[in-house]
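**Student:**
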Amino acid sequence: MKSYLRLLRYVLSYKRYAVLNISCNILSVIFSLFSLTMVAPFLNLLFSQATAYEKVPLNFSVKSVLANFNYFLGNYIQENGKINALILISGLIIIMFFLKNLFRYLAMYFMSPIRNGVVRDLRNTVYDKVLQLPLSYFTEERKGDLMARMTTDVQEIEWSIMQSLEVIFREPLTMILFLTTLVLMSPQLSLFVFVLLPVAGLLVGRIGKSLRRTSTKGQAKMGQLLSTIEETLGGLRIIKGFNAESFSRAKFRQTNDEYRKLMKRLYRKRDLSAPLSVFMGAVVLVIVIYFGGQLVLRSDQALEPSAFIAFIAIFSQIIPPARAFSEAYSNVQKGLASAERINRILDAGITISDKEHPLQIQDFNHDIEYRDLSFAYHKGGSGWVLKDINLKIGKGMTVALVGQSGSGKTTLADLLPRFYDPDAGEILIDGENIRDYRISDLRKLMGIVTQESILFNDTVFNNIAFGLTNATAEDVEAAAKIANAHDFIMQMPQGYQTNIGDRGNKMSGGQRQRISIARAILKNPPILILDEATSALDTESERLVQDALVKLMKNRTTLVIAHRLSTIQHADEIIVMQKGEIIERGKHAGLLALDGVYKKLFDLQAFA
Ligand code: ADP
Ligand code: MG
5 MKSYLRLLRY VLSYKRYAVL NISCNILSVI FSLFSLTMVA PFLNLLFSQA TAYEKVPLNF
65 SVKSVLANFN YFLGNYIQEN GKINALILIS GLIIIMFFLK NLFRYLAMYF MSPIRNGVVR
125 DLRNTVYDKV LQLPLSYFTE ERKGDLMARM TTDVQEIEWS IMQSLEVIFR EPLTMILFLT
185 TLVLMSPQLS LFVFVLLPVA GLLVGRIGKS LRRTSTKGQA KMGQLLSTIE ETLGGLRIIK
245 GFNAESFSRA KFRQTNDEYR KLMKRLYRKR DLSAPLSVFM GAVVLVIVIY FGGQLVLRSD
305 QALEPSAFIA FIAIFSQIIP PARAFSEAYS NVQKGLASAE RINRILDAGI TISDKEHPLQ
365 IQDFNHDIEY RDLSFAYHKG GSGWVLKDIN LKIGKGMTVA LVGQSGSGKT TLADLLPRFY
425 DPDAGEILID GENIRDYRIS DLRKLMGIVT QESILFNDTV FNNIAFGLTN ATAEDVEAAA
485 KIANAHDFIM QMPQGYQTNI GDRGNKMSGG QRQRISIARA ILKNPPILIL DEATSALDTE
545 SERLVQDALV KLMKNRTTLV IAHRLSTIQH ADEIIVMQKG EIIERGKHAG LLALDGVYKK
605 LFDLQAFA
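Each residue of the sequence shown is one higher than the one before, counting from 5 in the numbering used here.
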């Protein structure tokens, strides 16, 4: 229920439409009621009873309105004949039906901006949240499942909850109006209706709960399915290369089939509610006809036959809204399962955020300092990934991190732009803890080039100018030239306007990397983080990229993680890491003289 109210909050931004929708629905119900009450004079006319009425004082009771209408009709018949009266009544019924349906359409017309608006807002909110969440969130969750929540779950909410939003408000209104009319027509007979309807409703409602459980499982399975598809699309090259098609196929088939089974159960449960409620409705109807018929047949004729038939006509019209309501209820249950899955994203803690009054920082002036820093990915465990790191990088200096894979180099670098926060100790820039700076200011100081170039399916130009709104063609070109990228870009079909494909798969690794470097050059940050920027490249493109990197590093403060030691021999300080700790540090020559781990690493590469 809480999730439902939470969704309704999104509707609040569309108050105007909601009011219009409700007004139109009220009008539609009123006209529908009028068209149904027309049955009584119609029958009276056929059975020649209309003339028997007297004029009575007009007031708000149904009886008085009907009596007056009959009086008017009696006069009309006397003056114009029965056939004309029939034409009149038929015309009135058509007009009533027309108005009823016109307002019904208008109600839906005003509903569609609410439905679609809420879904858009929800999708925006989730996307914004994904952009805000810390990186650590995404290592814990499956990508495909997150995608499922942002797509199919939002869709599900549109289908089941938004669809029923109107029903939930309209049908009770219809029922109340109709029931009131019934009570006014025959209080005795209405008593049965009041006892019987809730009993029938309760039975149908029970299905809803079990529907919701199945739906949660179904959506989770859909998430798994999307995960598999996503991984397959990303790994097709390996799947084909390792002849793993049948393995992938079997895995996909299994998940897909489990999904099918869940959905089969879901639909069967959902579809049960309709026939069940139709049957319950028929039973109730027969009971009402039985008792109503007795009232008519009684010697004092407590109910007139025509009024009885009008009563039945109106009553039969209560069943569809009651059914629609119970169906909507079970749909909402199904949709709420999706709402809860989305809420789990929306409620996830943003552990890395600006403090209340963050410091601004435009320039980097003195130094970066890691002070007694420790960090673990899995909180509470004993596995420190970084332990007691102390490191100072003065402005303009180049500090290199070396060490075996898994020794914590990337982690150390990731802490600087606050992708993660340390568990102990702190990082200072110009003497202030980086947690005190505004995050966007802090990240503006840094340019990052990683081993895997992160490119987007867009033009070369937009990939280089990424995140900058005011980059000119000259700026982008100048950056590309420094990055040794201009020449090959000009050879592409549309130059800078060429689309580079998913993650830049229309380019070679070295080309992709030079685009990433051009991006960093254009941003022109004072601090550079280079994480094995050349390690995925062949020697030829490594030379080009290395050359671009040297130009990029000029006059900047650089934290460079190198897999090839030859590229960092001139670093101001080399830090050797092992299992999250700094075990050796110094200049190239000094470290060689030390004859320790660095010397061993160096020798391994020298003879390789
Ligand atoms: P390096 O860059 O030196 O190869 P990393 O900093 O990437 O090393 O990794 C250091 C350790 O932290 C490794 O043992 C790795 O398994 C672990 N690790 C890295 N990233 C994550 C993560 N997102 N979640 C959990 N553990 C991680
Ligand atoms: Mg690494």
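For glycine and all other residues, C-beta sits at the position ideal for the given N, C-alpha and C.
By how many angstroms is the C-alpha of Thr178 removed from the C-alpha of Ser277?
**Tutor:** Along the sequence shown, one-based indexing puts residue 277 at 273. Along the sequence shown, one-based indexing puts residue 178 at 174. Near 21 Å, if we compare the C-alpha coordinates of Thr178 and Ser277.
**Student:** Where does Asp560 sit, in a helix, a strand or coil, going by DSSP?
**Tutor:** As a first step, residue 560 must be located in the sequence shown, where it is residue number 556. According to the sequence shown, residue 560 is Arg rather than Asp. Taken through DSSP and simplified to helix, strand or coil, Arg560 comes out as coil.
**Student:** When we look at the beta-carbon of Asp535 and count the other beta-carbons within 10 Å, is it buried (16 or more) or exposed?
**Tutor:** By 1-based counting over the sequence shown, the position of residue 535 is 531. Its Cβ being crowded by 16 or more others within 10 Å, Asp535 is buried.
**Student:** Please classify Asn29: is it buried, with 16 or more other beta-carbons within 10 angstroms of its beta-carbon, or exposed?
**Tutor:** Residue numbering aside, residue 29 sits at position 25 when the sequence shown is read from its first letter. Under this definition Asn29 is a buried residue.
**Student:** Which residue's Cα is closest to the Cα of Thr502: Lys485, Ile87, Val554 and Asn466?
**Tutor:** Within the sequence shown, residue 502 is the residue found at index 498, counting from 1. With distances taken between Cα atoms, Thr502 lies closest to Asn466.
**Student:** Could you tell me whether the Cβ atoms of Gly339 and Leu229 are closer together than 9 Å?
**Tutor:** One-based indexing of the sequence shown puts residue 339 at position 335. One-based indexing of the sequence shown puts residue 229 at position 225. Result no, Cβ atoms of Gly339 and Leu229 do not sit closer than 9 Å.
**Student:** Please confirm whether Arg108 and Pro325 have their CB atoms less than 9 Å apart.
**Tutor:** Taking the first residue of the sequence shown as 1, we reach residue 108 at position 104. Taking the first residue of the sequence shown as 1, we reach residue 325 at position 321. Not closer than 9 Å, so no.
**Student:** Taking all protein chains shown into account, decide if Gly410 is buried (16 or more other Cβ within 10 angstroms of its Cβ) or exposed.
**Tutor:** Within the sequence shown, the letter at position 406 stands for residue 410. Exposed.
**Student:** Determine the contact status of Ser36 and Lys104, defining contact as a CB-CB distance below 9 Å.
**Tutor:** As a position in the sequence shown, residue 36 is number 32, starting the count at 1. As a position in the sequence shown, residue 104 is number 100, starting the count at 1. Yes; because the gap between Cβ atoms is below 9 Å, this pair is in contact.
**Student:** On the DSSP letters alone, give me the boundaries of the alpha helix (DSSP H) that Ile91 sits inside.
**Tutor:** In the sequence shown, residue 91 corresponds to position 87, counting from 1. Counting along the chain, the alpha helix (DSSP H) containing Ile91 begins and ends at Lys86 to Gln136.
**Student:** Nearer than 8 Å: is that true of the beta carbon of Ser409 relative to any heavy atom of the ligand MG?
**Tutor:** Here residue 409 refers to the residue found at position 405 when the sequence shown is read from its first residue. Yes, Cβ of Ser409 sits closer than 8 Å to a heavy atom of the ligand MG.
**Student:** List the endpoints of the continuous alpha helix (DSSP H) containing Gly513.
**Tutor:** Sequence index remark: in the sequence shown, residue 513 carries index 509 (1-based). Element bounds for Gly513: Gly513 to Lys527.
**Student:** I'd like to confirm the pairing. Which residues does DSSP put opposite Phe614 in its beta bridges?
**Tutor:** Absent from the model: residue 614. The displayed extent of the chain is 5 to 612, so no value can be given.
**Student:** Would the segment 241 to 249 and the segment 261 to 270 be scored as touching if the rule is three or more Cβ pairs under 8 Å?
**Tutor:** At 8 Å Cβ cutoff, the stretches do not touch.
**Student:** So, for Glu546: in the same chain, excluding its five sequence neighbours on each side, which residues have a beta-carbon less than 6 Å away from its beta-carbon?
**Tutor:** Locating residue 546 in the sequence shown gives position 542, counting from the first residue. Answer for Glu546: Thr538, listed in chain order.
**Student:** Near Ala56, which residues of its chain fall below 6 Å by C-beta distance, leaving aside the five closest residues on each side in sequence?
**Tutor:** The sequence position of residue 56 within the sequence shown is 52, counting from 1. At Ala56, the pLDDT of 49 sits below 50, so the modelled position is not reliable and the matter cannot be decided from this model.
**Student:** Can you tell me the Cα-Cα spacing of Tyr21 and Ile165, whole angstroms?
**Tutor:** Here the question's residue 21 lines up with position 17 in the sequence shown. Here the question's residue 165 lines up with position 161 in the sequence shown. Approximately 17 Å between the Cα atoms of the pair.
**Student:** Which one of Leu139, Ile586 and Arg516 has the shortest CA to CA distance from Asp425?
**Tutor:** As a working mapping, residue 425 is identified with position 421 in the sequence shown. Of the candidates Leu139, Ile586 and Arg516, the one whose C-alpha sits nearest the C-alpha of Asp425 is Leu139.
**Student:** May I have the straight-line CA-CA distance separating Leu416 from Ala477, to the nearest angstrom?
**Tutor:** Position 412 of the sequence shown holds residue 416. Position 473 of the sequence shown holds residue 477. Put simply, the backbone Cα of Leu416 is about 35 Å away from that of Ala477.
**Student:** In chain order, what residues of the same chain lie with their CB nearer than 8 Å to the CB of Arg269, ignoring the 5 residues before and after it?
**Tutor:** Your numbering for residue 269 matches position 265 in the sequence shown. So the list reads Thr218, once near-sequence residues are dropped.
**Student:** Measuring alpha carbon to alpha carbon, tell me which of Asn394, Asp371, Gln366 and Phe368 ends up nearest Phe379.
**Tutor:** As a position in the sequence shown, residue 379 is number 375, starting the count at 1. The shortest Cα separation from Phe379 among Asn394, Asp371, Gln366 and Phe368 belongs to Asn394.
**Student:** Would you call the segment 385 to 404 and the segment 354 to 365 touching, i.e. three or more CB-CB distances under 8 Å?
**Tutor:** no
**Student:** If you measure between the beta carbons of Arg447 and Pro421, is that distance less than 9 Å?
**Tutor:** Working through the sequence shown from its first residue, we reach residue 447 at position 443. Working through the sequence shown from its first residue, we reach residue 421 at position 417. The answer is yes: Cβ separation under 9 Å.
**Student:** Give the DSSP-derived three-state secondary structure of Lys399 in the structure shown.
**Tutor:** Here residue 399 refers to the residue found at position 395 of the sequence shown. Lys399 falls in the coil class under three-state DSSP.
**Student:** In or out: Pro279 buried (at least 16 other Cβ within 10 Å) or exposed?
**Tutor:** Counted from its first residue, the sequence shown places residue 279 at position 275. Counting Cβ neighbours within 10 Å, Pro279 comes out exposed, since fewer than 16 surround it.
**Student:** Starting from the Cα of Ala343, find the closest Cα among Thr473, Leu110 and Thr155 and give me that residue.
**Tutor:** The residue you call residue 343 lines up with position 339 of the sequence shown. The candidate whose alpha carbon is nearest that of Ala343 is Thr155.
**Student:** Compute every distance between the C-beta of Glu536 and the non-hydrogen atoms of the ligand MG, then say whether any falls below 8 Å.
**Tutor:** Along the sequence shown, read from residue 1 onward, the residue named residue 536 stands at position 532. At least one heavy atom of the ligand MG lies less than 8 Å from the C-beta of Glu536.
**Student:** With 16 other CB atoms within 10 Å as the buried threshold, where does Asp157 fall?
**Tutor:** In the sequence shown, counting from the first residue as 1, residue 157 sits at position 153. Classification for Asp157: buried.
**Student:** Using only the heavy atoms of the ligand MG, determine whether one of them is closer than 8 Å to the beta carbon of Ile565.
**Tutor:** Numbered from 1 along the sequence shown, position 561 holds the residue referred to as residue 565. Correct: Ile565 has its Cβ closer than 8 Å to the ligand MG.
**Student:** Where are the alpha helix (DSSP H) runs, 4 residues long or more, that stay fully inside the segment 415 to 475, in chain order?
**Tutor:** 443 to 448 and 464 to 468
**Student:** In its own chain, which residues sit with a C-beta less than 7 Å from the C-beta of Leu47, not counting the 5 before and 5 after it?
**Tutor:** In the sequence shown, counting from the first residue as 1, residue 47 sits at position 43. Excluding residues within five positions, the ones whose Cβ falls inside 7 Å are Ser310 and Ile313.
**Student:** Report yes if the C-beta distance between Ile372 and Leu563 is below 9 Å; otherwise report no.
**Tutor:** Within the sequence shown, numbered from 1, the residue matching residue 372 stands at position 368. Within the sequence shown, numbered from 1, the residue matching residue 563 stands at position 559. In this structure, Leu563 lies closer than 9 Å to Ile372 by Cβ.
**Student:** Determine the extent of the beta strand (DSSP E) in which Gly499 is found, giving its start and end residues.
**Tutor:** One-based indexing of the sequence shown puts residue 499 at position 495. It is not in any beta strand (DSSP E) - Gly499 carries neither H nor E in the DSSP assignment.
**Student:** What's the C-alpha gap between Pro191 and Asn347?
**Tutor:** As a working mapping, residue 191 is identified with position 187 in the sequence shown. As a working mapping, residue 347 is identified with position 343 in the sequence shown. Computed Cα separation, rounded: 47 Å.
**Student:** Hey, which unbroken runs of the alpha helix (DSSP H) at 4 residues or more fall wholly within the segment 243 to 320?
**Tutor:** Taking only runs of at least 4 residues, the alpha helix (DSSP H) segments lying wholly in the segment 243 to 320 are 249 to 301.
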